[in-house]
Each structure stands twice: as structure tokens, then as C-alpha cells.
Ligand code: AMP
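Numbering (the working numbering), first residue to last: 906 to 1306.
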């Protein structure tokens, strides 16, 4: 029997979970609890190809974790034997350079980093505490979205603002999607003995979107900043813009800075420009029927993604690989081709037929044979990496102090 980890990704009103071993095989069980905090909260379980939905009678994170525990207890035939819990944590600040077995100090560290992720980190702490309470002796591990980017050098992670703001408040670029980038870097290195020492530009394009320059397996630059708002245009986030806009929006609309920031986080990006949807697939359908607003939003998305890729490329001496991942990166030939066209000056070439016909959900090379820069679609798997880190740390005997 392979060891398994219970992987938990806890948001303020949702909790995604998977029971995953350290191999590339599909999770044994996966699901999501939604609308936590409301009396309409539900949980779905996907097991052996079948999806079932239940109402939650305790409408909070505890209710969700209890339902997962009850499912495991009620299904001995599934053969689930958990070795540990693995928790996705959005912000690890400068405290966490790698994944950590959770003890009181680690929990305190996650709570301290909540100033930069006020919605996410407190929800993660809730999820961790409920899992610790309900799963008895099971050890738990925290895996941070930020830790992969702790290799950035100071000249890259500092904002050009007074140094005292960094010294006193740790205001700096942190970067996100690190678990995805680390998975991609490892996957690339597994494809060929040379790839692990080469350089890659990676575009993680989903509802949240960012890019990363990876040099011999380490992050040297990334587009997201102190929060996930910086960088690319996203589903509902504006990405980078002139910071003065924040004050202009607040003044013009008679709202607070915080409300203006909400507009940049929740009403901008693909949604703000198209006035149709934040969803790339919906916009592609609209664009195909001649909708100019959808086309403008998709053009801006691809243009800004290409600009950010070219920008982080300035931290590499050469580019051997360009990699697309995330819901849009893995599934949208249109966005991939629009981005690659704009990267022609870097020497990026696409095999248009391979790009169009690449089967969904699979790793594929989509550059012409013999191209100087290999272009890839690599489906990401953050849950697997969290399970691998969890099992590795636990088996190495890293016990909480
Ligand atoms: P993620 O946040 O990684 O789950 O990605 C979600 C995004 O991927 C949404 O904007 C979806 O519309 C987009 N997406 C998923 N499938 C497709 C597809 N076949 N074509 C275009 N976009 C897609």
C-alpha cells in the first residue's frame, strides 16, 4: 500500500481536498466543500469516477473536515491510510523558504504572514487546526506559494521605495504560484538529463496568472509581488498599472482606497475590459462569434502576458524552454499562439498544428522540431507536489518541535 497524504487547500468559504500518494497517479479521493459559512454549504466527493454531493450540517471548516473524516471512516474498502496532512499556504513571507512540518512556531509564523494575505492565511490556519483536532496524531506539513521565489536576489525582490519600508515592514516582492512553478521545474528536469540545468520561461495562466524565469531549477524573477495583484492582467485582477490610479479612482468614485483596491482585484482584468466574463473560455466563444469586447480583452491579456515574459527574461542569459501551464495555458491554443507571436524577437517559434491539436491534459512539445527554444504545455499538479513534500518531510523524520 502506497503512503497517502490528505492535501487541503482552505479558502475563506471553500475547502478543496485530495487524497494523493507521491506518484503521478490520480488522487484516490478528491472534492470541495463550498459556501462555508452559509446554511447552503455542501461538500462533493469524487471517488472511483463517481461524484456525490452532500449537504453539510455544520456549516464551517470544522464541518467540512469532519465530513471528510466521516467519508474515510465509512469507506474502509477505499483502503485509505493517511501518513499526514499537507496544507497549501498562500503567504510564507520571508519566514518560510521551504515546506515545514507544522508545530506551534510554524502556526505562529503563518499567522504573522497574514498581514500580506488577510483573506487566505487565517483560513489556512483554521483548516490546519481543524485537521489537527480531527485527525488525532497525524503530522501536518505547510507548503507555501511564496517559498519557491525566496531565491530571488535583493535587486529583484526590492521595490524602488525607501529602504526603511523594507527594513521596518518587509514590503517587497514575494511572488506566488510557487508550488506550480516548482512542480513544472521538476517535471522539466525529469524529461532530459540536460533540462534541469537549463533556463525556462514559465507562464502559469489561469484565473490568477503569473510568469516566472527559472534558471537551473531556481526562480530568478516572477511577476506577482507583495500580493497576487501585480504583473499580468488576470480574470478579475488588473495586474500592474500606474499606482497613482488608485488615488484617482478613489477620488473620482468617492470611495476609500480599500474599495478602489477591490475594483482592481475583483472587477478588472478580462471581466473589466470585456464586460462579459472573467472566464477565458466564455470570451473565446464570444470572440469567435465576432464580439469585439471579448477580442479586445483577449488581445490585452496575451499582450500583457508576453510583456511580462519578456521582462522576466532579462534575468536569464539564454532561454531554452517556454512553458505554458494553468487552465488557460494548458487549454487555449489561441492565447498560446498570440503570446508566442509577440515573443518572436526572443526567437520563440510555434508549431501551429501541434499547438492546435495538442490533446488536453497532456504534456506536449508545441515548437517545430529542431527549434532553438522548446515550447511546451506542461499540466501543473500542485496537489501532487504538496503530497510529495508532506510524505518526504514526514518520512525524513522532521517532527514538529
Ligand atoms: P485555473 O484558474 O487554472 O483553473 O484556470 C481557469 C481558466 O482557464 C478560466 O479562465 C477558463 O476559462 C480557462 N480555460 C479552461 N479551459 C479552457 C479552454 N478549453 N479554452 C480556453 N480557456 C480555458
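Note that CB positions come from ideal geometry on N, CA and C, so glycine has one too.
Worksheet item: In terms of residue numbering, what span does the alpha helix (DSSP H) encompassing residue 1225 cover?
Response: As a working note, residue 1225 is residue 320 in the chain shown. Premise fails: residue 1225 is in no alpha helix (DSSP H) and is neither H nor E.
Practice prompt. Provide the residue(s) that pair with residue 1105 in DSSP beta bridges, ordered along the chain.
Written response: One-based indexing of the chain shown puts residue 1105 at position 200. According to DSSP, residue 1105 bridges with 1119, 1226.
Discussion item. Given 8 Å as the limit, tell me if residue 1237 has its C-beta closer than that to any heavy atom belonging to ligand 1.
Written reply: The count along the chain shown starts at 1 and reaches residue 1237 at position 332. Because some heavy atom of ligand 1 lies under 8 Å away, the Cβ of residue 1237 counts as near it: yes.
Item to complete: Specify whether the stretch 1094-1111 and the stretch 1056-1066 touch according to this definition: at least 3 beta carbon pairs, one from each stretch, less than 8 Å apart.
Response: no
Worksheet item: Looking at residue 954 and ligand 1, is the gap between the Cβ and the nearest heavy atom below 8 Å?
Response: Mapped onto the chain shown, residue 954 falls at position 49. Answer for residue 954: no, Cβ out of range of ligand 1.
Discussion item. Helix, strand or coil for residue 1060? Go by DSSP, reduced to three states.
Written reply: Indexing the chain shown from 1 puts residue 1060 at position 155. It is helical.
Worksheet item: Any heavy atom of ligand 1 closer than 8 Å to the Cβ of residue 1117?
Response: Here residue 1117 corresponds to residue number 212 of the chain shown, with the count starting at 1. No, the beta carbon of residue 1117 sits no closer than 8 Å to any heavy atom of ligand 1.
Discussion item. Please give me, in chain order, every unbroken run of the beta strand (DSSP E) with length at least 3 that falls completely inside the stretch 914-983.
Written reply: 920-925, 934-939, 947-952, 955-960
Worksheet entry | Per DSSP, the bridge partner or partners of residue 1279 | For this step, residue 1279 is matched to residue 374 along the chain shown. Paired residues: 1226.
Item to complete: Have a look at residue 1306 and residue 1042 and give me their C-alpha separation to the nearest angstrom.
Response: Here residue 1306 refers to the residue found at position 401 when the chain shown is read from its first residue. Here residue 1042 refers to the residue found at position 137 when the chain shown is read from its first residue. Legend: pLDDT at residue 1306 = 46, less than 50; position of this residue unreliable, value from coordinates given subsequently. Each residue's Cα considered, the two are about 14 Å apart.
Fill in: Unbroken stretches of the beta strand (DSSP E), 3 residues or longer, contained in the stretch 976-1048
987-994
Fill in: Meets three-Cβ-pair contact criterion under 8 Å: the stretch 919-939 and the stretch 960-971
yes
Fill in: Cα-Cα separation, residue 1071 to residue 1275
Here residue 1071 refers to the residue found at position 166 of the chain shown. Here residue 1275 refers to the residue found at position 370 of the chain shown. Computed Cα separation, rounded: 46 Å.
Worksheet item: By DSSP, does residue 1306 sit in helix, in strand, or in coil?
Response: The sequence position of residue 1306 within the chain shown is 401, counting from 1. Per-residue confidence for residue 1306 stands at a pLDDT of 46, beneath the threshold of 50, marking its modelled position as unreliable; the derived number appears in the next sentence. It is coil, neither helix nor strand.
Worksheet item: residue 1066 lies in the alpha helix (DSSP H); which residues open and close that run?
Response: In the chain shown, residue 1066 corresponds to position 161, counting from 1. No alpha helix (DSSP H) holds residue 1066; DSSP gives it neither H nor E.
Discussion item. What does DSSP give as the partner residue(s) for residue 1269 in the beta ladder?
Written reply: Taking the chain shown and counting its residues from 1, one reaches residue 1269 at position 364. Beta-bridge pairing links residue 1269 to 1282.
Worksheet item: Per DSSP, which one or two residues make a beta bridge with residue 1124?
Response: In the chain shown, counting from the first residue as 1, residue 1124 sits at position 219. In DSSP, residue 1124 forms a bridge with 1119.
Discussion item. Using 9 Å as the threshold, is the C-beta distance between residue 1176 and residue 1204 below it?
Written reply: Taking the chain shown and counting its residues from 1, the one referred to as residue 1176 is at position 271. Taking the chain shown and counting its residues from 1, the one referred to as residue 1204 is at position 299. No, these two residues do not count as a Cβ contact at 9 Å.
Worksheet entry | Rounded separation between residue 1283 and residue 1136 - CA only | The residue you call residue 1283 lines up with position 378 of the chain shown. The residue you call residue 1136 lines up with position 231 of the chain shown. Their Cα atoms are separated by approximately 21 Å.
Worksheet item: Which residues in the same chain have their Cβ closer than 8 Å to the Cβ of residue 1162, if we skip the five residues on either side of it in sequence?
Response: Position 257 of the chain shown, counting from 1, holds the residue named residue 1162. The residues are 1151, 1152, 1155.
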